[in-house]
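Take a look at the structure below.
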Amino acid sequence: MTVNQISIFLENKYGKLGEVLTLLAQEEIRIIAASISDTSEFGIMRIIVSDPLKAYAILKRENVSVNLSEVLAIVTGSCAGSFADSISFFTRAGISIEYMYCFSAGGKSILFLRASNYEAAREVIRRNNLECLSESALLSL
Amino acid sequence: MEYWKEEIETLSRPALEQLQVRRLQETLARASHSPFYKRMFAKKGIDAGSVRSLDDLKTLPFTTKDDLRNNYPYGFAAIPLKDCVRLHSSSGTTGNPTVVLHSRRDIDEWAEQVARCMYMVGLRDTDVFQNTSGYGMFTGGLGFQYGAERLGALTVPAAAGNTKRQIKFIKDFGTTCLHIIPSYAMRLAEVMHEEGIDSHETRLRVLCIGAEPHSEEQRRRIEQMLGVKAYNCFGMSEMNGPGVAFECTEQNGLHIWEDYVVAEIVDPHTLEPVVDGEVGELVLTTINREAMPLLRYRTRDLTRFLPGSCPCGRTHRRLSRFQGRSDDMIILKGVNLFPVQIETILMQFPELGGNYFITLETVGASDEMLVEVELSELFTDDYSVLQALARDVSRRLRDELLLTPRLKLVARGSLPVQEGKAVRVKDLRKII
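In order, the protein sequence lines correspond to chains A and B.
Going by my numbering, the first sequence opens with residue 15, and the numbers climb by one from there.
Going by my numbering, the second sequence opens with residue 8, and the numbers climb by one from there.
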């Protein structure tokens with residue numbers, strides 16, 4: 015029900031982002047979605063990629079500070095209010111969203127989100143019939 | 008308890024002090040043949056024969072590294088060069104190098120001293136000893152080589168660098184003991200980890216670590232990472248090299264071999280003896296060396312005598328873990344501190360890696376310290392956790408140092424890799 019996400023610790027230094035992206039490119043790893051947030055000292059880049067386990071192994075081998083975790087990939091519409099509707103299910107169930115990023119293509123959007131409680135989040139998804147992608151479903155889009 | 012030379016290692020204190028006085032008198036007689044001491048004795052009106060006790064030694068002037076430099080290369084030779092069989096020399100990065108001369112007997116006694124240390128930490132002729140020190144002029148190479156051969160161990164003179172080759176030797180030759188600089192031991196452990204080699208599946212069991220100040224926490228981390236016992240060793244080229252003082256299996260202080268040196272601890276500013284048990288600069292007089300006696304040599308290393316006797320039964324006094332060199336001391340905003348204090352704190356956080364770097368800089372009108380430390384793994388992808396970690400480390404540093412450094416978490420592998428003696432401080436301060 016969740017998909018693998020790669021998080022990369024990036025120093026706020028010229029060229030650092032490019033280095034990591036080049037590493038992934040050399041290994042033919044496709045980036046499906048990405049988000050970067052930063053503080054004054056460092057940033058974390060979170061990415062969804064075509065082969066997360068391979069990407070993780072490569073980055074680790076190249077001594078990049080990297081973390082593998084899971085996020086929910088929820089399909090929603092791309093018209094006004096779609097996001098709000100999806101999120102409201104979680105809010106009503108008392109679940110916080112720790113972070114979220116998304117991509118939209120065609121008539122669809124995919125929300126990648128980290129919830130405070132995955133067990134409860136799964137229950138919300140089941141009860142409200144939300145469409146939630148597995149990794150293979152995501153990759154075949 | 009097993010000893011290499013029981014009679015000397017467990018000699019009663021009065022008998023040991025008698026031996027010291029006798030050897031001191033012989034040393035003074037020999038020293039008066041060296042151009043440097045001949046001049047000094049004449050100038051200061053010192054009668055080498057008048058020293059009758061260890062207290063009398065305290066009336067003699069100190070010898071410093073500058074004296075060695077200024078009398079480069081042979082100004083301290085107390086015997087003819089034809090009777091010397093080796094010299095070792097420092098790199099001389101900060102001026103003239105220093106030279107230490109050895110007679111055949113000196114080399115022999117040095118090997119004995121190192122063998123004694125190695126035996127003390129449980130090494131025997133059945134061990135396989137791999138030396139990761141540079142050979143050549145650096146005394147950690149040949150010093151340990153001769154000692155290990157004297158012990159009868161199978162020696163692997165791997166020399167410095169090439170981490171993957173070191174690991175191959177450890178696996179292929181069944182290395183049981185490494186002589187290694189602590190920062191490099193951490194690096195070696197990391198590379199083994201990356202290569203998927205479990206150190207517990209090697210025969211490695213003992214590390215002799217020294218040549219740079221390190222904290223107890225760093226030692227424990229090295230032991231844990233490699234599944235070994237690590238023993239702190241102290242040496243300096245002016246005092247032959249490795250073997251001057253060494254931990255026993257108690258891992259509580261380094262026995263300084265008092266049949267080789269007379270050790271004093273003095274206040275580095277007043278040069279007066281400190282109260283017994285207080286920290287000061289170690290001052291050593293060689294009493295078992297022919298070619299080049301040194302009298303009251305200021306080592307610049309800061310330590311203290313540990314009180315009481317050691318459960319291992321050896322009577323030679325113990326020095327505490329070295330706290331740094333008086334030259335390494337950082338003075339920031341009037342506060343005296345040592346890099347090893349910072350390391351002690353950083354090593355208490357498993358989230359942090361072993362590599363760190365200290366930069367002193369002038370920001371506006373004020374001097375600041377920046378501590379950069381590598382993350383060991385990205386254990387979370389949550390900012391608040393990382394920021395809480397940074398805050399926590401800062402707070403612990405402030406409590407220890409009494410000033411607040413700026414702490415920066417950096418990615419693994421982004422600080423310079425330490426393969427030689429670690430250089431961890433850069434001073435960019437402007438004098439205003």
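Yeah, the Cβ is synthetic: ideal placement off N, Cα and C, and Gly gets one too.
Here the structure is a predicted model, which is why all the values come from computation and not from measurement.
Residue from the options with nearest C-alpha to residue i
{"i": "Met114(A)", "options": "Ser49(A), Lys30(A), Tyr70(A), Gly57(A)", "result": "Ser49(A)"}
{"i": "Arg332(B)", "options": "Met243(B), Glu254(B), Val269(B), Ile204(B)", "result": "Met243(B)"}
{"i": "Leu158(B)", "options": "Tyr142(B), Val135(B), Thr170(B), Ile177(B)", "result": "Val135(B)"}
{"i": "Cys107(A)", "options": "Glu133(A), Ile43(A), Ile20(A)", "result": "For the sequence presented, residue 107(A) should be read as Ala rather than Cys. That would be Glu133(A), whose Cα lies nearest to the Cα of Ala107(A)."}
{"i": "Asp63(B)", "options": "Asp374(B), Arg303(B), Glu350(B), Asp388(B)", "result": "Arg303(B)"}
{"i": "Val380(B)", "options": "Gln394(B), Leu359(B), Ser391(B)", "result": "Leu359(B)"}
{"i": "Thr411(B)", "options": "Val430(B), Ile365(B), Phe386(B)", "result": "Ile365(B)"}
{"i": "Met15(A)", "options": "Glu149(A), Ser79(A), Ser154(A), Leu153(A)", "result": "Glu149(A)"}
{"i": "Cys116(A)", "options": "Ser154(A), Glu137(A), Asn142(A), Ile45(A)", "result": "Ile45(A)"}
{"i": "Leu301(B)", "options": "Leu108(B), Ser401(B), Arg324(B)", "result": "Leu108(B)"}
{"i": "Asn77(B)", "options": "Phe43(B), Cys91(B), His95(B), Arg93(B)", "result": "Phe43(B)"}
{"i": "Ile263(B)", "options": "Val290(B), Thr70(B), Ala395(B)", "result": "Val290(B)"}
{"i": "Val378(B)", "options": "Thr387(B), Arg402(B), Ile114(B)", "result": "Arg402(B)"}
{"i": "Arg93(B)", "options": "Gly143(B), Lys50(B), Asp54(B), Asn103(B)", "result": "Gly143(B)"}
{"i": "Phe329(B)", "options": "Gly82(B), Leu214(B), Ser222(B), Gly203(B)", "result": "Ser222(B)"}
{"i": "Asn259(B)", "options": "Lys51(B), Val269(B), Asn239(B), Glu245(B)", "result": "Asn239(B)"}
{"i": "Leu214(B)", "options": "Glu202(B), Leu353(B), Met127(B)", "result": "Met127(B)"}
{"i": "Ile338(B)", "options": "Glu9(B), Gly371(B), Lys433(B)", "result": "Lys433(B)"}
{"i": "Leu396(B)", "options": "Pro423(B), Met47(B), Leu416(B), Ser190(B)", "result": "Leu416(B)"}
{"i": "Pro220(B)", "options": "Phe386(B), Leu422(B), Thr369(B), Ser190(B)", "result": "Ser190(B)"}
Extent of the continuous alpha helix (DSSP H) to which residue i belongs
{"i": "Ser49(A)", "result": "Careful: Ser49(A) lies outside any alpha helix (DSSP H), inside the beta strand (DSSP E) at 45–52."}
{"i": "Glu25(A)", "result": "Not the alpha helix (DSSP H): Glu25(A) falls in the beta strand (DSSP E), residues 16–25."}
{"i": "Val281(B)", "result": "Note, Val281(B): premise wrong, no alpha helix (DSSP H); not H, not E."}
{"i": "Glu288(B)", "result": "Taken as a continuous stretch (DSSP letters only), Glu288(B) belongs to no alpha helix (DSSP H), being part of the beta strand (DSSP E) at 287–293."}
{"i": "Cys240(B)", "result": "That residue, Cys240(B), is in no alpha helix (DSSP H); its beta strand (DSSP E) goes 236–241."}
{"i": "Ser110(B)", "result": "Premise fails: Ser110(B) lies in the beta strand (DSSP E), 106–110, not in any alpha helix (DSSP H)."}
{"i": "Ser421(B)", "result": "Taken as a continuous stretch (DSSP letters only), Ser421(B) belongs to no alpha helix (DSSP H), as it is neither H nor E."}
{"i": "Arg227(B)", "result": "223–233"}
{"i": "Ala151(A)", "result": "149–153"}
{"i": "Thr36(A)", "result": "30–40"}
{"i": "Asp132(B)", "result": "Premise fails: Asp132(B) is in no alpha helix (DSSP H) and is neither H nor E."}
{"i": "Leu61(B)", "result": "61–64"}
Backbone secondary structure at residue i - three-state DSSP
{"i": "Cys319(B)", "result": "coil"}
{"i": "Ala119(A)", "result": "strand"}
{"i": "Val269(B)", "result": "strand"}
{"i": "Arg303(B)", "result": "coil"}
{"i": "Glu297(B)", "result": "coil"}
{"i": "Ile204(B)", "result": "coil"}
{"i": "Lys72(B)", "result": "helix"}
{"i": "Gly217(B)", "result": "strand"}
{"i": "Val251(B)", "result": "coil"}
{"i": "Leu313(B)", "result": "coil"}
{"i": "Glu257(B)", "result": "coil"}
{"i": "Ile124(A)", "result": "strand"}
{"i": "Gln137(B)", "result": "strand"}
{"i": "Asp334(B)", "result": "coil"}
{"i": "Arg263(B)", "result": "Looking at the sequence provided, one finds Ile at residue 263(B) rather than Arg. The answer is strand: DSSP assigns Ile263(B) an E or B state."}
{"i": "Ala499(B)", "result": "Outside the shown range of chain B, which is 8 to 439, sits residue 499(B), and nothing can be said about it."}
{"i": "Arg328(B)", "result": "coil"}
{"i": "Asp274(B)", "result": "coil"}
Range of the contiguous beta strand (DSSP E) that encloses residue i
{"i": "Arg60(A)", "result": "56–63"}
{"i": "Leu185(B)", "result": "184–187"}
{"i": "Ile139(A)", "result": "Here Ile139(A) belongs to no beta strand (DSSP E); instead the alpha helix (DSSP H) covers 132–141."}
{"i": "Leu94(B)", "result": "91–96"}
{"i": "Val430(B)", "result": "Per DSSP, Val430(B) belongs to no beta strand (DSSP E) and is neither H nor E."}
Contacts of residue i in chain D (Cβ-Cβ under 7 Å)
{"i": "Glu42(A)", "result": "Structure shown: chain D not included; protein chains present are A and B."}
Residue i beta carbon near the ligand FAD (any heavy atom closer than 6 Å)
{"i": "Ser19(B)", "result": "Looking for the ligand FAD in the displayed structure turns up nothing, as the structure carries no ligands at all."}
Can you give, in chain order, each stretch of the beta strand (DSSP E) that sits fully within the region 71–113 of chain A and has at least 3 residues?
Correct list: 80–91.
State whether the region 232–252 of chain B contacts the region 117–129 of chain B, with contact taken as three or more CB pairs (one from each stretch) at a distance under 8 Å.
yes
Secondary structure, beta strand (DSSP E): runs of 3+ residues fully inside the region 336–407 of chain B:
Here the runs fully enclosed are 337–339, 342–344, 359–370, 373–382.
In chain order, each alpha helix (DSSP H) run of at least 4 residues that lies wholly inside the region 8–55 of chain B:
Whole alpha helix (DSSP H) segments, 4+ residues: 13–16, 20–38, 42–51.
Any contact between the region 79–86 of chain A and the region 124–133 of chain A? By contact I mean 3 or more CB pairs, one from each, below 8 Å.
yes
Specify whether the region 26–35 of chain A and the region 44–58 of chain A touch according to this definition: at least 3 beta carbon pairs, one from each stretch, less than 8 Å apart.
Yes, the region 26–35 of chain A touches the region 44–58 of chain A.
Quick one: which unbroken alpha helix (DSSP H) runs of 4-plus residues sit fully inside the region 147–181 of chain B? Chain order, please.
170–180
Touching or not, the region 227–238 of chain B and the region 201–211 of chain B, by the rule of three or more beta carbon pairs under 8 Å?
Touching, per the Cβ criterion.
Is it the case that the region 71–83 of chain A contacts the region 33–41 of chain A, given that we only count it when at least three CB pairs across the two stretches are under 8 Å?
They touch, by the three-pair rule.
Taking contact to mean at least 3 C-beta pairs separated by less than 8 Å, is the region 278–291 of chain B in contact with the region 143–159 of chain B?
no
Just checking, does the region 96–112 of chain A make contact with the region 131–145 of chain A on the three C-beta pairs under 8 Å criterion?
yes
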